[in-house]
Amino acid sequence: MKHIQFENWKLLLLDQRLLPFEEKFVICNSFEDVANAIKDMVVRGAPAIGITAAYGFAMGIKDGENPEKVYKTLLNTRPTAVNLKWALDRMMKILKSGGDAERLKKEAQEIHEEDIEVNKKMGEFGASLFDKKVSVLTHCNAGALATGDYGTALGVIRSLHKKDLIEKVLVDETRPYLQGARLTAYEMVKEGIPHFVITDNTAGLLMATGEVDAVIVGADRIAKNGDTANKIGTFMLAVLANYHKIPFYVAAPISTFDTTIESGNEIVIEERGRDEVALINGKPVIPEQSQVLHYGFDITPGNLIAGFITERGVLKPPFDL
Ligand code: MRU
18 MKHIQFENWK LLLLDQRLLP FEEKFVICNS FEDVANAIKD MVVRGAPAIG
68 ITAAYGFAMG IKDGENPEKV YKTLLNTRPT AVNLKWALDR MMKILKSGGD
118 AERLKKEAQE IHEEDIEVNK KMGEFGASLF DKKVSVLTHC NAGALATGDY
168 GTALGVIRSL HKKDLIEKVL VDETRPYLQG ARLTAYEMVK EGIPHFVITD
218 NTAGLLMATG EVDAVIVGAD RIAKNGDTAN KIGTFMLAVL ANYHKIPFYV
268 AAPISTFDTT IESGNEIVIE ERGRDEVALI NGKPVIPEQS QVLHYGFDIT
318 PGNLIAGFIT ERGVLKPPFD L
């Protein structure tokens, strides 16, 4: 099922908040609807929000809205993933060179299709890193749902599975939003890939007992020196992998590299609302008086990353793209 569909100037998004139990689409009729869908996490994952925003931009221009307002509203939905800016800049460039709404629609469709192609290439490069069956640990959801289709980290896992090189996938549940438990596990079930959902605090034990051959994660923004923003908890995994001498890979398209920044210090980390931590299934799990610190992402230093799996091959910093 295609999770991002554009039909008759409406954007249909599979509501990722309801997965894995319900497969329902949210219909966006305007660029504001698209911005709200990104903000509310109907759609999430760096490349997927870039693609979504590109369609939203085309919709705004078709409706005669002010381009700067459309650009800013979509850009301000989520701060960390650079793919959002990358896609919107590409759309703005087309508009400034005289492109009309139809041309912008075509550009958004191209961004979408290219992303799928790029993921498949990444899958091949990533799979070529391994020549025996492996157990791979992954965090968050860097799969079809987080991209146009196929996925980045899960794209590599898909390609490995096709070559019969997956022993098992260890799926970090990824508290508090549970992208791993809900979305990655959903994708693994659909694809028939052997997997175990683990709590986020299990990785150390499994690495120490030899159950993990490699860690592969996605990324939201990669600085020139390789520092990588990804879902909160990624940094802990990289430190653990380093301690256990397990290779830690980041799979991401070139659109996730931000060569305008030297290091991760320049990356804005999204802070999210209290309820995501304080409530489980709508019920409080912490005292009412307690405050929470809830960062959506962390920064993994580039020197902990064995390689960056991209559509141009497996790269190492410093990047000059
Ligand atoms: O808050 P999310 O779910 O948008 O965060 C997503 C991630 O951190 C992913 O790992 C990242 O975007 C890579 S997706 C291919």
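For the sequence shown, the numbering used here assigns the number 18 to the initial residue and increments by one for each residue that follows. For every residue, glycine included, the Cβ atom is placed at its ideal position computed from N, Cα and C.
Alpha carbons only, please: which of F252, P64 and I183 is nearest the one belonging to K150?
For the purposes of this step, residue 150 is identified with residue 133 of the sequence shown, where counting begins at 1. Distance from the Cα of K150 is smallest, within the candidate group F252, P64 and I183, for I183.
Excluding the 5 residues preceding and the 5 following F314 in the sequence, name in chain order all residues of the same chain whose CB lies nearer than 7 Å to its CB.
To locate residue 314, count along the sequence shown from 1; it is residue 297. Contacts found: T97, D237, A246, N247, K248, I249, I286 and E287.
Measuring only the C-alpha atoms, how far is R291 from I316?
In the sequence shown, residue 291 corresponds to position 274, counting from 1. In the sequence shown, residue 316 corresponds to position 299, counting from 1. When rounded, the distance between both Cα atoms is 21 Å.
When DSSP builds the beta bridges, which residues end up paired with N247?
On the sequence shown, residue 247 is found 230 positions in, with the first residue counted as 1. DSSP output for N247 lists D315 as bridge partner(s).
Same chain only: Cβ atoms within 8 Å of K333, ignoring 5 sequence neighbours per side
Here residue 333 is taken as the residue at index 316 of the sequence shown, counted from 1. Short of 8 Å from the beta carbon of K333, and not among the five residues preceding or following it, lie these beta carbons of its own chain, in chain order: G243, G324 and F325.
Taking 7 Å as the cut-off, does the CB of V135 come closer than this to any heavy atom belonging to ligand 1?
Within the sequence shown, residue 135 is the residue found at index 118, counting from 1. Flag unset: Cβ of V135 not near ligand 1.
Measure the beta-carbon distance from G165 to I21 and round it to whole angstroms, keeping in mind my assumption that it falls under 8 Å.
Locating residue 165 in the sequence shown gives position 148, counting from the first residue. Locating residue 21 in the sequence shown gives position 4, counting from the first residue. About 7 Å separates the two Cβ atoms, so the contact holds.
Mind checking G62: buried by the 16 CB within 10 Å criterion, or exposed?
Numbered from 1 along the sequence shown, position 45 holds the residue referred to as residue 62. Only buried fits G62, as 16 or more other CB atoms lie within 10 angstroms of its CB.
Distance, S176 Cα to N158 Cα
Here residue 158 refers to the residue found at position 141 when the sequence shown is read from its first residue. Here residue 176 refers to the residue found at position 159 when the sequence shown is read from its first residue. N158 and S176: Cα-Cα distance of roughly 16 Å.
Check whether the segment 134–146 and the segment 261–281 are in contact - that is, three or more C-beta pairs closer than 8 Å.
By the Cβ rule, the segment 134–146 counts as touching the segment 261–281, because three or more pairs are nearer than 8 Å.
Is it right to say K102 is buried, meaning 16 or more other beta carbons lie within 10 angstroms of its own, or is it exposed?
For the purposes of this step, residue 102 is identified with residue 85 of the sequence shown, where counting begins at 1. Classification of K102: buried, given that the 10 Å Cβ count is 16 or more.
Below 8 Å, how does it come out for the segment 73–83 and the segment 222–231: are there three or more Cβ pairs, yes or no?
Counting Cβ pairs under 8 Å, fewer than three are found: no touch.
8 Å Cβ cutoff met for P211 and E293
One-based indexing of the sequence shown puts residue 211 at position 194. One-based indexing of the sequence shown puts residue 293 at position 276. Judged by their CB atoms, P211 and E293 are not nearer to each other than the 8 Å cut-off.
Per-residue burial, N100 [other beta carbons within 10 Å of its own, 16 or more giving buried]
As a first step, residue 100 must be located in the sequence shown, where it is residue number 83. Looking at its Cβ environment, which holds 16 or more other Cβ atoms inside 10 Å, N100 is buried.
So the candidates are A144, V229 and L91; which of them puts its Cα closest to the Cα of G172?
To locate residue 172, count along the sequence shown from 1; it is residue 155. For G172, the nearest C-alpha among the options comes from A144.
If I'm right that V51 touches G73 with Cβ under 8 Å, what's the distance once you round it to whole angstroms?
Taking the sequence shown and counting its residues from 1, the one referred to as residue 51 is at position 34. Taking the sequence shown and counting its residues from 1, the one referred to as residue 73 is at position 56. Rounded to the nearest angstrom, the Cβ distance from V51 to G73 is 3 Å, consistent with a contact under 8 Å.
Going residue by residue through the segment 31–55, where are the continuous beta strand (DSSP E) segments of at least 3 residues, counting only ones entirely within it?
The segment 31–55 contains these whole beta strand (DSSP E) runs: 42–45.
Under the criterion of a Cβ to heavy atom distance below 7 Å, does A63 qualify as lining ligand 1?
Residue mapping note: residue 63 aligns to position 46 of the sequence shown, counting from 1. Within the cutoff, so yes.
Let me make sure I understand the geometry here. Which of E208, F142 and M253 has the alpha-carbon closest to that of D189?
In the sequence shown, counting from the first residue as 1, residue 189 sits at position 172. The residue with the shortest Cα to Cα distance from D189 is M253.
Give me the Cα-Cα distance between E124 and I111, rounded to the nearest whole angstrom.
Reading the sequence shown from its first residue, position 107 is the one you call residue 124. Reading the sequence shown from its first residue, position 94 is the one you call residue 111. If I take the Cα positions, the gap works out to 8 Å.
Please report the distance separating the alpha-carbon of A163 from that of M108.
Taking the first residue of the sequence shown as position 1, residue 163 is located at position 146. Taking the first residue of the sequence shown as position 1, residue 108 is located at position 91. Approximately 20 Å between the Cα atoms of the pair.
Exposed or buried, which one is D132 when buried takes at least 16 other CB atoms within 10 Å?
Here residue 132 corresponds to residue number 115 of the sequence shown, with the count starting at 1. Around the beta-carbon of D132, 16 or more other beta-carbon atoms lie within 10 Å, marking it buried.
Could you tell me whether any non-hydrogen atom of ligand 1 is closer than 7 Å to the CB of G165?
For the purposes of this step, residue 165 is taken as the residue at position 148 of the sequence shown. Placement of the Cβ of G165 at a distance of 7 Å or more from every heavy atom of ligand 1 is found.
Rounded to the nearest angstrom, what separates P304 and R289 at their Cα positions?
Counting from one through the sequence shown, the residue named residue 304 turns up at place 287. Counting from one through the sequence shown, the residue named residue 289 turns up at place 272. Annotation: P304 to R289 spans about 19 Å, alpha carbon to alpha carbon.
Hey, would you say K241 sits closer than 8 Å to I278, going by beta carbons?
Walking along the sequence shown from the start, residue 241 turns up at place 224. Walking along the sequence shown from the start, residue 278 turns up at place 261. With contacts defined by Cβ atoms closer than 8 Å, K241 and I278 form a contacting pair.
Taking Q33 as the reference, give the member of Y312, G299 and T201 with the closest Cα.
For the purposes of this step, residue 33 is identified with residue 16 of the sequence shown, where counting begins at 1. Minimum Cα distance to Q33 is reached at T201.
For F23, which residues of its own chain have a beta-carbon under 6 Å away from its beta-carbon, when the five flanking residues on both sides are left out?
As a working mapping, residue 23 is identified with position 6 in the sequence shown. Only Y72 meet the Cβ criterion.
Using 10 angstroms around the beta-carbon of E204, count the other beta-carbons present and answer buried if the total reaches 16, otherwise exposed.
As a first step, residue 204 must be located in the sequence shown, where it is residue number 187. Buried.
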